[in-house]
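Undergrad: Residue numbers (this note's numbering): 228 to 668.
Even for Gly, the Cβ is constructed at its ideal location relative to N, Cα and C.
Just so we're clear, the structure is a prediction, and the values are computed from it rather than from any experiment.
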Amino acid sequence: MLALNSYAKQRTYSRLPLICVVAGLTVATNGLAQTLPKPLTVAPVDVPSLPTVTHHDLIDFDSSLSLAKLVDLTLEKYPDSHWLDSLEEEAKAIYQRGQSWVAGAPQAGLRFQEATSGTLHYVDGTVQVPLWNLGQREAEQKLASQAEDSQVNQAAAIKLRVAGLVRQALWDMELQKIRFEQATSETEVFGQLLKNIMRRVELGDLPRADALLAETELLQKRSTMTLAEAELMHSRKRYQSITQITKAPAKFQEQVVSLKEIQQNHPALAALNSQISRKQAELEALKLTGDGQTNLTVGVNSDRGNNDPRSNHTESFNIGVNVPFGGSAHRAPHIAAVNVELNRLISEREQLFRNLEQAHHEAEHNLEVNRVELDISNQLKQVAEQHLSMMQVAFSVGEIDLMDLLKVQARTHQAILNAKERALILERDQAFYNQAVGILP
Numbered sequence: 228m229l230a231l232n233s234y235a236k237q238r239t240y241s242r243l244p245l246i247c248v249v250a251g252l253t254v255a256t257n258g259l260a261q262t263l264p265k266p267l268t269v270a271p272v273d274v275p276s277l278p279t280v281t282h283h284d285l286i287d288f289d290s291s292l293s294l295a296k297l298v299d300l301t302l303e304k305y306p307d308s309h310w311l312d313s314l315e316e317e318a319k320a321i322y323q324r325g326q327s328w329v330a331g332a333p334q335a336g337l338r339f340q341e342a343t344s345g346t347l348h349y350v351d352g353t354v355q356v357p358l359w360n361l362g363q364r365e366a367e368q369k370l371a372s373q374a375e376d377s378q379v380n381q382a383a384a385i386k387l388r389v390a391g392l393v394r395q396a397l398w399d400m401e402l403q404k405i406r407f408e409q410a411t412s413e414t415e416v417f418g419q420l421l422k423n424i425m426r427r428v429e430l431g432d433l434p435r436a437d438a439l440l441a442e443t444e445l446l447q448k449r450s451t452m453t454l455a456e457a458e459l460m461h462s463r464k465r466y467q468s469i470t471q472i473t474k475a476p477a478k479f480q481e482q483v484v485s486l487k488e489i490q491q492n493h494p495a496l497a498a499l500n501s502q503i504s505r506k507q508a509e510l511e512a513l514k515l516t517g518d519g520q521t522n523l524t525v526g527v528n529s530d531r532g533n534n535d536p537r538s539n540h541t542e543s544f545n546i547g548v549n550v551p552f553g554g555s556a557h558r559a560p561h562i563a564a565v566n567v568e569l570n571r572l573i574s575e576r577e578q579l580f581r582n583l584e585q586a587h588h589e590a591e592h593n594l595e596v597n598r599v600e601l602d603i604s605n606q607l608k609q610v611a612e613q614h615l616s617m618m619q620v621a622f623s624v625g626e627i628d629l630m631d632l633l634k635v636q637a638r639t640h641q642a643i644l645n646a647k648e649r650a651l652i653l654e655r656d657q658a659f660y661n662q663a664v665g666i667l668p
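1. Might you give, ordered along the chain, the residues of its own chain that have their beta carbon closer than 6 Å to the beta carbon of Val248, omitting 5 neighbours on each side?
2. On a CA-only basis, which of Pro668, His283, Glu600 and Arg558 is nearest Phe479? Give me that one, please.
3. Would you call Glu444 buried or exposed, if buried means 16 or more other Cβ atoms sit within 10 Å of its Cβ?
4. Classify Arg463: buried if its beta carbon has 16 or more other beta carbons within 10 angstroms, exposed otherwise.
5. Evaluate the contact criterion for the segment 348-359 versus the segment 489-502: three or more CB pairs, one atom per stretch, below 8 Å.
6. What is the residue span of the beta strand (DSSP E) that Phe288 lies within?
7. In this structure, how does DSSP classify Asn597 when only helix, strand and coil are distinguished?
8. Once the 5 residues before and after Leu337 are set aside, which same chain residues still bring their CB inside 6 Å of it?
9. Tell me the rounded alpha-carbon separation between Gln609 and Gln419.
10. Could you name each continuous alpha helix (DSSP H) segment of 4 residues or more that falls completely within the segment 458-524, going from the start of the chain to the end?
11. Let me check understanding here. Comparing Cα to Cα, which of His640, Ala396 and Glu654 lies closest to Gln471?
12. Name the DSSP beta bridge partners of Asn545, please?
13. Throw me the rounded Cβ distance for the Ala495 and Leu387 pair, which I believe falls under 8 Å.
14. Within this structure, are the beta carbons of Ile562 and Leu513 separated by less than 7 Å?
15. Please state whether the Cβ-Cβ distance between Arg394 and Ala658 is less than 7 Å.
16. Under a three-way DSSP split, which group does Pro357 fall into?
17. With a threshold of 6 Å on Cβ separation, who are the neighbours of Leu632 within its own chain once the five nearest residues in sequence on each side are excluded?
18. Considering Glu303, what are the terminal residues of the alpha helix (DSSP H) in which it resides?
19. Once you ignore the five residues that flank Leu629 on each side, which residues in its own chain have a CB closer than 8 Å to its CB?
20. Residues bridged to Ala335 by DSSP?
21. Should Asn661 and Glu365 be called a contact, given that it needs their Cβ atoms to be closer than 7 Å?
22. With distance defined between alpha-carbon atoms, name the residue in Arg638, Ala637 and Ala497 nearest to Ile385.
23. So, Lys404 versus Leu292, is the Cβ gap smaller than 7 Å?
24. By how many angstroms is the C-alpha of Ile503 removed from the C-alpha of Ala335?
25. Over the uninterrupted alpha helix (DSSP H) stretch that includes Leu433, give me the two end residues.
26. Residues in its own chain within less than 6 Å of Asn549 by CB, not counting five upstream and five downstream?
27. Would you decide whether Trp328 is buried or exposed? Buried here means 16 or more other CB atoms lie within 10 Å of its CB.
28. Is the CB-CB distance between Phe407 and Leu446 below 7 Å?
29. Looking at C-alpha atoms only, which residue of Asp284, Gly391 and Gly431 is the closest neighbour of Thr301?
30. Measuring straight from C-alpha to C-alpha, what distance separates Glu591 and His557?
31. Using alpha carbons as the reference points, say which of Met452, Asn528 and Ala371 lies closest to Gln340.
32. Near Val354, what residues of its chain come up, given a Cβ to Cβ distance below 8 Å and the 5 sequence neighbours on each side ignored?
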């Protein structure tokens, strides 16, 4: 009996720790339950709208406006147009000088002399006319012709420069437009993706972290879209600054010309060649001035007196020639200055030709490279779209997580953008090739 009671006490004591442990676990569990947050419920609501940029630079794309007409309109308001007007006026002035029969402005002189007695008077009247040196007038007429040709070629070179600015501005707008449209499309795609994920989170298929990740991606896309829109507005403003109008041609694509090298009639080369020819004509005309202009003097003398025996009481006619000499030392610095300018222009022409050849090579190479890149980009786009379609199905059935889907989606969107950009860049490079070889729209 004593043994039984002793066994019973041992059983009671042996169960006591177990009861305490269970009780402790119960208390701990209840405390943990009090500290844990309540289960989250996600309602399928839209992401709140964010502030948007209200500044917009509008461009009206006019189907009746051609690229050639746009270049002409831009040239009319281009700052260098005033310089071209002054070149035209200078050429006219040189032409008028070459057409003159005298080498300079004639001079008239009148001299009166009287004796102290007041009974004797002398009056001299003269006209002095500068004469052309031998071959000098023909040299001046040649200079006038070269100045006129130079003005025409300078106008063509500036028009080509304006065409390059217009081409660059138009294609930059198109490139920024594609990037903005792609950013807008991606934002819409991620907005729809967020709605789907939030609906699945509500149903318990996805964790709350996926909704936060999708919302983060959407906000980043909105930021990219805002920046892309800003770049588009900047490109439009640059276009307006260059052209001074708010209209643009609806179509401005160009076909590549068949020229394979830089021609001597390239507007930029022709402009420099005409400047060189003008300087050569100016140098020749300066040399033909000799020591100066020969002057022909014609005069009349009157000799009258008042009961003065010294007076001849006659009028006489006189003629004379003034020939300058020893002026080579004074003329040499002017000839040297013109010669310096002439050789500077020759050096610029050589450097310009090298630059044009390099620009032509780069434009030709870019065309070849971009044709290959366009094919590769299109293939990458097809593969990426197929891969994305497979990953979307896999995500919908739970085979992959959201992070894997977002990575594939980002690569696909980039592949789509690259394909669009390459197609546009190829068309742009065709216009740039025509610019490099000096072809106007």
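TA: On the basis of the data shown:
1. For the purposes of this step, residue 248 is identified with residue 21 of the sequence shown, where counting begins at 1. Since pLDDT at Val248 reaches only 31, below the 50 mark, its modelled position is unreliable, and no value is offered.
2. For the purposes of this step, residue 479 is taken as the residue at position 252 of the sequence shown. It is Pro668.
3. By 1-based counting over the sequence shown, the position of residue 444 is 217. Result: buried.
4. Taking the first residue of the sequence shown as position 1, residue 463 is located at position 236. Under this definition Arg463 is a buried residue.
5. no
6. The residue you call residue 288 lines up with position 61 of the sequence shown. Looking at the DSSP string, the run of the beta strand (DSSP E) that includes Phe288 is Asp287 to Asp289.
7. One-based indexing of the sequence shown puts residue 597 at position 370. Helix at Asn597.
8. As a position in the sequence shown, residue 337 is number 110, starting the count at 1. Cβ neighbours of Leu337 beyond the five flanking positions: Gly352.
9. As a position in the sequence shown, residue 609 is number 382, starting the count at 1. As a position in the sequence shown, residue 419 is number 192, starting the count at 1. The alpha-carbon atoms of Gln609 and Gln419 are separated by roughly 22 Å.
10. 494-514
11. Numbered from its first residue, the sequence shown carries residue 471 at position 244. Residue Ala396 holds the alpha-carbon nearest to the alpha-carbon of Gln471 among His640, Ala396 and Glu654.
12. For this step, residue 545 is matched to residue 318 along the sequence shown. DSSP, once it has assigned bridges, lists Gly526 as partnering Asn545.
13. Translated into the one-based positions of the sequence shown, residue 495 becomes position 268. Translated into the one-based positions of the sequence shown, residue 387 becomes position 160. A Cβ-Cβ separation of about 7 Å places Ala495 in contact with Leu387 under the 8 Å criterion.
14. Position 335 of the sequence shown, counted from the start, is the residue given in the question as residue 562. Position 286 of the sequence shown, counted from the start, is the residue given in the question as residue 513. The answer is yes: Cβ separation under 7 Å.
15. Within the sequence shown, the letter at position 167 stands for residue 394. Within the sequence shown, the letter at position 431 stands for residue 658. In contact: Arg394 and Ala658 (Cβ atoms closer than 7 Å).
16. Stepping through the sequence shown from its first residue, residue 357 is reached at position 130. Of the three classes helix, strand and coil, the one that applies to Pro357 here is strand, per DSSP.
17. As a position in the sequence shown, residue 632 is number 405, starting the count at 1. Cβ within range, chain order: Met618 and Phe622.
18. Here the question's residue 303 lines up with position 76 in the sequence shown. Glu303 -> alpha helix (DSSP H) spans Leu294 to Glu303.
19. As a first step, residue 629 must be located in the sequence shown, where it is residue number 402. Close CB contacts of Leu629 within its chain, under the 8 Å cut and outside five residues either way in sequence, are with Ile424, Leu433, Asp437, Leu440, Ala441 and Phe622 (chain order).
20. On the sequence shown, residue 335 is found 108 positions in, with the first residue counted as 1. Beta-bridge pairing links Ala335 to Val354.
21. As a position in the sequence shown, residue 661 is number 434, starting the count at 1. As a position in the sequence shown, residue 365 is number 138, starting the count at 1. Cβ distance not < 7 Å, so Asn661 and Glu365 don't count as in contact.
22. Against the sequence shown, residue 385 aligns to sequence position 158. Checking every option, the nearest Cα to that of Ile385 belongs to Ala497.
23. The residue labelled residue 404 in the question sits at position 177 within the sequence shown. The residue labelled residue 292 in the question sits at position 65 within the sequence shown. Cβ distance not < 7 Å, so Lys404 and Leu292 don't count as in contact.
24. Against the sequence shown, residue 335 aligns to sequence position 108. Against the sequence shown, residue 503 aligns to sequence position 276. Ala335 and Ile503: Cα-Cα distance of roughly 39 Å.
25. In the sequence shown, the residue the question calls residue 433 occupies position 206. Segment: none, Leu433 is in no alpha helix (DSSP H) and carries neither H nor E.
26. Your numbering for residue 549 matches position 322 in the sequence shown. Closer than 6 Å at Cβ, skipping near neighbours: Asn522.
27. Stepping through the sequence shown from its first residue, residue 328 is reached at position 101. Burial call: exposed.
28. Against the sequence shown, residue 407 aligns to sequence position 180. Against the sequence shown, residue 446 aligns to sequence position 219. Their beta carbons are not under 7 Å apart, which means Phe407 does not touch Leu446 by this criterion.
29. Translated into positions along the sequence shown, residue 301 becomes position 74. The option with the nearest alpha carbon to Thr301 is Gly391.
30. Looking up residue 591 in the sequence shown gives position 364. Looking up residue 557 in the sequence shown gives position 330. Using only the alpha carbons, I get a separation of about 53 Å.
31. Taking the sequence shown and counting its residues from 1, the one referred to as residue 340 is at position 113. For Gln340, the closest of Met452, Asn528 and Ala371 by C-alpha to C-alpha distance is Asn528.
32. By one-based count along the sequence shown, residue 354 stands at place 127. Contacts found: Pro333, Gln334, Ala335, Gly336, Thr524, Val525 and Gly526.
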